[in-house]
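J.:
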Amino acid sequence: MLDVRRLRLLRELAHRGTIAAVAESLAFSASAVSQQLSVLEREAGVPLLERTGRRVALTPAGLNLVRHAEAVLERLEQASAELADARRGLAGPLRIGTYPSAARAIIPGALAALAREHPGLVPMVTEVDPALVAAMLRAGELDVALVHEYDFVPADPEPGLAAEPLFTEPMYLAAPAPGAVADHPESRWIVSPHGTLCHTMVVRACQASGFTPLIAHQIDDFATVLALVAVGQGVALVPHLGASPAPPGVQLTRLPMARRTRTAFRAGAGRHPAVAAFVSAVREALPEDLRGGFGDAP
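FYI, our numbering numbers position 291 of the sequence shown as 293, with every residue one higher than the one before it.
#1: Please look up how many angstroms separate the CB atoms of Ala269 and Leu163, rounded, as I've assumed it's under 8 angstroms.
#2: Taking Phe30 as the reference, which of Arg262, Ala182, Arg10, Val193 has the closest Cα?
#3: Does the distance from the C-beta atom of Ala25 to that of Val41 stay below 7 angstroms?
#4: Are the segment 132-146 and the segment 233-243 touching by the rule of at least three beta carbon pairs closer than 8 angstroms?
#5: Kindly list the residues whose CB is nearer than 6 angstroms to the CB of Thr2, restricted to its own chain and excluding five residues on each side of it in sequence; keep chain order.
#6: Secondary structure at Glu14, three-state DSSP: helix, strand or coil?
#7: Quick one: Cα of Leu144 to Cα of Gly94, how far?
#8: Under the rule that 16 or more other beta-carbon atoms within 10 Å means buried, what is Glu188, buried or exposed?
#9: Are the CB atoms of Val2 and Ile108 nearer to each other than 7 angstroms?
#10: Can you tell me where the alpha helix (DSSP H) with Gly111 in it begins and where it stops?
#11: Three-state secondary structure (DSSP) at Val48?
#12: Arg57: buried (16+ other C-beta within 10 angstroms of its C-beta) or exposed?
#13: Opposite Glu43 in the DSSP bridges: which residues?
#14: Give every residue of the same chain whose Cβ lies closer than 8 angstroms to the Cβ of Leu216, excluding the five residues on either side of it in the sequence, and list them in chain order.
#15: Have a look at Ser246, Gly212, Leu113 and flag the residue whose alpha-carbon is nearest the alpha-carbon of Ala276.
#16: Could you check the C-alpha separation between Thr170 and Val48 for me, to the nearest Å?
#17: Please report the straight-line C-alpha distance between Pro172 and Cys208, rounded to a whole angstrom.
#18: Specify the secondary structure class of Thr226 as computed by DSSP and reduced to three states.
#19: Please return the same chain residues whose Cβ sits closer than 8 angstroms to the Cβ of Ala287, not counting the five positions on each side in sequence.
#20: Whose C-alpha, out of Leu230, Glu166, Val6, is nearest the C-alpha of Phe280?
#21: According to DSSP, simplified to helix, strand and coil, what is Ala184?
Structure follows, in structure tokens:
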């Protein structure tokens, strides 16, 4: 009989590529991960891994087993959801991931709704860039998360995860005067830190207008970004949730691009009552101008 915990390790190895990365994500030692994968190979009776330098590649049999592991883990999430639904009342921790502007504008109202309707539930919120959410959900560090994507940075499908659309918001150019991205090839730009989706979005939006942005500041807070624009430190792209209030001296020009937010969770967990309660609370907490949505950007 194949061990589910070892199947989870194999699945993580397929996504992360190295035993060291798997060990770090799951708080194991590298030797423990390697030992458990060796046991899984013996259980399977065929080679599952082949080493190529420092990396470990999965054999065809290993890749096939990962596909089965995805299905098994999804069914276990479904079983957990059904068992939780059979119990009366929601209780215990719910680990929530969110990006900063949603943490400020949406999460407080959602937590207030959860406290009213499910007082036994203990929400635990972590700010995390959407680029890191998939790994944290698969590792069990999060149960549900708010994630976003941009027109210039679409989200790739993530094995083992599912998502539900939540809302769409427009993007704005924040500058001293109204204009377009193409008007600022020589301007200094204020962007989010390197490696974030927001950073990639600005770079690609500028490249689509024919230039590479001259990055002056890397700031992961849109209120601070707007304050810097106001004192002449550069221009920026900001989403609707991060664009209000604009300080004096900052003009916001709506752009033909959008940011889309979804709730993400492990495949099979969408019916878990705690996850469903959070999604419902988030929808209840949405600002009026996001309910019904802006639709796609013009």
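Note that the Cβ used here is the ideal one computed from N, Cα and C, for glycine as well.
T.: Let me lay it out:
#1: Sequence index remark: in the sequence shown, residue 269 carries index 267 (1-based). Sequence index remark: in the sequence shown, residue 163 carries index 161 (1-based). With a Cβ gap of about 6 angstroms, Ala269 and Leu163 count as contacting.
#2: The sequence position of residue 30 within the sequence shown is 28, counting from 1. That would be Arg10, whose Cα lies nearest to the Cα of Phe30.
#3: In the sequence shown, residue 25 corresponds to position 23, counting from 1. In the sequence shown, residue 41 corresponds to position 39, counting from 1. Going by C-beta atoms, Ala25 is not nearer than 7 angstroms to Val41.
#4: no
#5: Lying before the first or after the last residue shown, residue 2 is absent from the chain, which here runs from 3 to 300.
#6: Locating residue 14 in the sequence shown gives position 12, counting from the first residue. Helix at Glu14.
#7: Residue numbering aside, residue 144 sits at position 142 when the sequence shown is read from its first letter. Residue numbering aside, residue 94 sits at position 92 when the sequence shown is read from its first letter. Straight-line Cα distance between these residues: approximately 14 angstroms.
#8: Looking up residue 188 in the sequence shown gives position 186. So Glu188 ends up on the exposed side.
#9: With the chain covering only 3 through 300, there is no way to say anything about residue 2.
#10: Reading the sequence shown from its first residue, position 109 is the one you call residue 111. Its alpha helix (DSSP H) spans residues 109-119.
#11: Here residue 48 refers to the residue found at position 46 of the sequence shown. In the structure shown, Val48 sits in coil (DSSP, three-state: anything other than H, G, I, E or B).
#12: Residue 57 sits at position 55 when you count from the first residue of the sequence shown. The residue is exposed, with fewer than 16 neighbouring Cβ atoms inside 10 Å.
#13: As a position in the sequence shown, residue 43 is number 41, starting the count at 1. DSSP, once it has assigned bridges, lists no residue as partnering Glu43.
#14: The count along the sequence shown starts at 1 and reaches residue 216 at position 214. Glu188, Ser189, Arg190, Trp191, listed in sequence order.
#15: For the purposes of this step, residue 276 is taken as residue 274 along the sequence shown, with counting starting at 1. Checking every option, the nearest Cα to that of Ala276 belongs to Leu113.
#16: Translated into the one-based positions of the sequence shown, residue 170 becomes position 168. Translated into the one-based positions of the sequence shown, residue 48 becomes position 46. Approximately 47 angstroms, taken between the alpha carbons.
#17: Position 170 of the sequence shown, counted from the start, is the residue given in the question as residue 172. Position 206 of the sequence shown, counted from the start, is the residue given in the question as residue 208. Distance between the alpha carbons of Pro172 and Cys208 is about 17 angstroms.
#18: Taking the first residue of the sequence shown as 1, we reach residue 226 at position 224. Note: Thr226 maps to helix in three-state DSSP.
#19: Within the sequence shown, residue 287 is the residue found at index 285, counting from 1. Excluding sequence neighbours, Ala287 sits near Ile108, Ile109, Pro110, Gly111, Ala112, Ala114, Ala115.
#20: Residue 280 sits at position 278 when you count from the first residue of the sequence shown. When only C-alpha atoms are compared, the closest one is Glu166.
#21: Here residue 184 is taken as the residue at index 182 of the sequence shown, counted from 1. Ala184: helix per DSSP, three-state reduction.
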